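Okay, so the sequence shown: first residue is 2 according to our numbering, each after it adds one.
Using N, Cα and C, we set each Cβ at its ideal position, and we do this for glycine too.
Remember, it's a predicted structure, so these values are computed and weren't measured experimentally.
Report on the following structure.
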Amino acid sequence: MTPSPDPNEEKPRRIVQSFYKEFAPYLTLGFQLAAGVVLFFFIGRWVDGQLDTSPVFMLVGIFLGTIGGLIKFAKTVQDLSKKNGARGA
């Protein structure tokens, strides 16, 4: 027979799980922004290598990655805010 879980042990675990469930979407925002910039940087660097135009496309890639990452960041924050607002109402 398995021992029944101790209620005193279960409460902190539920608090930690609740914390991660609540804030996990926010924890990925920085990674999403950085990934966009890095991805477009390497695409621009590759194009510069193919066309021998260094650093033009690398800089364009950084710019596009930053703009795209910030747009994605803003949309994600807006969606999460709406979701949390609806849940709180």
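In this structure P26 is not in contact with L71, their Cβ atoms being roughly 17 Å apart against a cut-off of 8 Å. The beta carbons of G37 and K73 sit about 7 Å from each other, so the pair counts as a contact at 8 Å.
Annotated three-state conformation of T29 is coil, per DSSP. By the Cβ rule, the segment 56-65 counts as touching the segment 28-47, because three or more pairs are nearer than 8 Å.
About 20 Å separates the CB atoms of L28 and G66; that is not less than 8 Å, and the two are not in contact. If you ignore the 5 residues before and after Q33, its C-beta comes within less than 8 Å of the C-beta of G70, K73, F74, T77, all in its own chain and listed in chain order.
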